[in-house]
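**Student:** If you use mature numbering (1 follows the signal peptide of the UniProt record, and there is no 0), the sequence shown corresponds to residues -19 to -1, 1 to 98, in order.
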Amino acid sequence: MKRPLFILTSVMLTSACVATTENLTPKDKYLNRVAFAEIVMRDCPADGGYSSFAQMRSDAASNMKIAKSLGATDTDIDAARKRAAQQYGSAYFLAGPQRSCDELIKRLAWAGAEPVQ
């Protein structure tokens, strides 16, 4: 019984984390990375050491710089933070704090500060 529940939770978590990533501009994608990094640094402090968080913060600063060069405003930044908070809240509710943090960290580590596609 645990295996089907785990699979269902994983699918729901992934869906919650990527639900609003379709049809986003490159600016919005960079801002989402920043917003999710802020959530991880605030809500997932036990996951990773100092160097991991230092790298995440550096990536977030790079992503913010790129987003601003693409025309991001304070309103855009607030919208990205709201999107991220809603997605994280859904994932937290569906899968719990540890799985939610693990998924966010995995996605942020994969994306880093690489150009969006």
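Glycine included, every Cβ here is placed at the ideal spot set by N, Cα and C.
Could you check if residue 10 is buried or exposed, using at least 16 other CB atoms within 10 Å of its CB as the buried criterion?
**Tutor:** Position 29 of the sequence shown, counted from the first residue, corresponds to residue 10. So residue 10 counts as buried.
**Student:** Mapping DSSP to helix, strand and coil, what is residue 13?
**Tutor:** Within the sequence shown, the letter at position 32 stands for residue 13. Helix at residue 13.
**Student:** The alpha helix (DSSP H) that contains residue 75, what's its start and end?
**Tutor:** Mapped onto the sequence shown, residue 75 falls at position 94. Looking at the DSSP string, the run of the alpha helix (DSSP H) that includes residue 75 is 55 to 76.
**Student:** Inspect the CB distances between the stretch 18 to 27 and the stretch 63 to 73 and report whether three or more fall short of 8 Å.
**Tutor:** Output reads yes: the stretch 63 to 73 touches the stretch 18 to 27.
**Student:** Note down the Cα distance separating residue 109 from residue 93, rounded to an integer number of angstroms.
**Tutor:** Nothing about residue 109 can be reported from this structure: the residues present for the chain run from -19 to 98 only.
**Student:** Going along the chain, which residues of its own chain have a beta-carbon closer than 8 Å to the beta-carbon of residue 5, five neighbours each way excluded?
**Tutor:** Residue numbering aside, residue 5 sits at position 24 when the sequence shown is read from its first letter. Excluding sequence neighbours, residue 5 sits near 13.
**Student:** Can you grab the Cα-Cα spacing for the pair residue 59 / residue 77, in whole Å?
**Tutor:** On the sequence shown, residue 59 is found 78 positions in, with the first residue counted as 1. On the sequence shown, residue 77 is found 96 positions in, with the first residue counted as 1. The alpha-carbon atoms of residue 59 and residue 77 are separated by roughly 25 Å.
**Student:** With a CB to CB cut of under 6 Å and the five nearest residues on each side skipped, what residues in its chain are close to residue 41?
**Tutor:** Looking up residue 41 in the sequence shown gives position 60. If we look at residue 41 and ignore the five residues flanking it on each side, its Cβ neighbours are 15, 18.
**Student:** Residue 8 and residue 53 - do their beta-carbons sit closer together than 8 Å?
**Tutor:** For the purposes of this step, residue 53 is taken as residue 72 along the sequence shown, with counting starting at 1. For the purposes of this step, residue 8 is taken as residue 27 along the sequence shown, with counting starting at 1. Yes, these two residues count as a Cβ contact at 8 Å.
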